[in-house]
Amino acid sequence: MDTRITQRGYGIKSFLSELRVKLAETASQMIESRLEADVTMWLHRPACQRRSQVSRQSLARCQRCGSRRARDFMGNGWRKRECLSIYGLLRFRMPRVICSCGGSVSIPFTILRRHQRIWDDVTEQIGRWADCGLSLRQMQTAIGEQMSAQVGLRTLNRNVQAVRIAPALELTSCPPVVMVDAIWVTLLEDTGKTQKDSRHRQRPVKARRKVCVLVALGLYPQSQRWGILGWQLAEDESRTAWESFLSLAKHSSPRILVQWASPSIQTAPPKADTGRL
Ligand SMILES: [Zn+2]
């Protein structure tokens, strides 16, 4: 009996893994077709047509001589590229275009940016995980399990920081106890400058910036459940920052609002009692 269950589980796992491989292959093929279509559009001709027959200007530009004449541009093979998608790691060929002067032509592809290694669907998923309060390590584990790929914590952090829009905190169903707290974290930000390291490589110079994460935690004492209701990045723990954060929950009224060692909170949502730990 146990053996039969194990076999069935293995069968499903192998089928799903085969399905993921097929999906990744199909996605890679569709990406290659779209990239080729982009090249045809920017060069104003299909690959089989002679370039001398084209008289139009292209919006793409040679990076060496600055030419925009489509007749100067031609295909120059492909470059292997990898990009992480929710279907897994996609491997495809990226078309290269050069100018008659030998310079490379940068094509503004419609579905892929320059040096992009994480596709937009994964970035959106990382944003959703960040809204749900997942830690970077939890995201790393989820990506490993779902997409069979490894992403560094630094890369994940950069993607999370890109989602700087404060979550829309609308507490329609408010827990009886809401606890608010501030956590200070240090962010590394690009200064736009570079400097040589000990091995003479140009490295970007980062500056440290301390920011404050204002967090609201909802508690249900009877069921002993709890969860993060929302969070917001702020410059400090000032009264203005707390009022801005708490105003997002203005339609809700917890019975008790607990503030955790944050003396700057002077206001609370209407009808709420306040307490301190
Ligand atoms: Zn050129």
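Okay, so the sequence shown: first residue is 0 according to numbering that gives the first Met the number 0, each after it adds one.
Positions of the beta carbon are idealized from the N, C-alpha and C atoms, including for glycine.
Endpoints, alpha helix (DSSP H) assigned at residue i
| i | result |
| --- | --- |
| PHE244 | 238 to 245 |
| LEU135 | 135 to 146 |
Nearest-angstrom Cα separation, counted from residue j out to residue i
| i | j | result |
| --- | --- | --- |
| MET178 | TRP241 | 13 Å |
| ALA233 | VAL210 | 6 Å |
| VAL121 | ARG127 | 10 Å |
| ALA36 | GLY229 | 43 Å |
| GLN149 | ASP189 | 24 Å |
| LYS205 | ARG80 | 28 Å |
| VAL176 | ASP130 | 21 Å |
| PRO166 | ASP71 | The pLDDT assigned to PRO166 is 46, lower than 50, so where the model puts this residue is not dependable; a value taken from the coordinates is nonetheless given after this. Answer to the nearest angstrom: the Cα atoms are 49 Å apart. |
| ASP119 | ILE227 | 26 Å |
| ARG112 | SER105 | 11 Å |
| SER54 | PHE14 | 52 Å |
| LEU42 | LEU58 | 9 Å |
| TRP225 | PRO174 | 9 Å |
| THR25 | ALA69 | 31 Å |
| CYS12 | LEU22 | The sequence as given places Lys at residue 12; Cys does not occur at that position. Distance between the alpha carbons of LYS12 and LEU22 is about 15 Å. |
| GLU236 | LEU187 | 20 Å |
| GLY76 | VAL184 | 46 Å |
| ILE264 | ASN156 | Because the pLDDT of ILE264 is 49, which lies under 50, any placement of that residue in the model is unreliable, and the number read from its coordinates should be weighed accordingly. Their Cα atoms are separated by approximately 29 Å. |
Contact belief for residue i with residue j at Cβ below 8 Å, rounded distance in angstroms
| i | j | result |
| --- | --- | --- |
| ILE182 | VAL159 | Contact flag wrong, Cβ pair sits at about 15 Å. |
| MET138 | GLY87 | Wrong, their Cβ atoms sit about 16 Å apart, outside the cutoff. |
| SER27 | ARG90 | 6 Å |
| PRO45 | GLY74 | That belief does not hold up - the Cβ atoms of PRO45 and GLY74 are roughly 11 Å apart, past 8 Å. |
| GLY102 | GLN62 | 5 Å |
| CYS64 | GLN115 | The pair is not a contact, with the Cβ atoms about 26 Å apart (cut-off 8 Å). |
| ILE117 | ILE30 | About 14 Å; that fails the 8 Å criterion. |
| GLN124 | ILE85 | 6 Å |
| GLN201 | LYS195 | 6 Å |
Residue interval of the beta strand (DSSP E) (run including residue i)
| i | result |
| --- | --- |
| GLU123 | Where GLU123 is concerned, there is no enclosing beta strand (DSSP E), although the alpha helix (DSSP H) it sits in stretches over 119 to 131. |
| THR154 | Premise fails: THR154 lies in the alpha helix (DSSP H), 152 to 161, not in any beta strand (DSSP E). |
| GLU188 | 176 to 195 |
| ARG90 | 87 to 98 |
Inside the region 20 to 80 only - beta strand (DSSP E) runs reaching at least 3 residues: List check, beta strand (DSSP E) in window: nothing returned.
Which residues, in chain order, sit with a beta-carbon under 5 Å away from any heavy atom of ligand 1? Spelled out in chain order, the answer is CYS61, ARG63, CYS64, SER66, CYS98, CYS100, GLY102.
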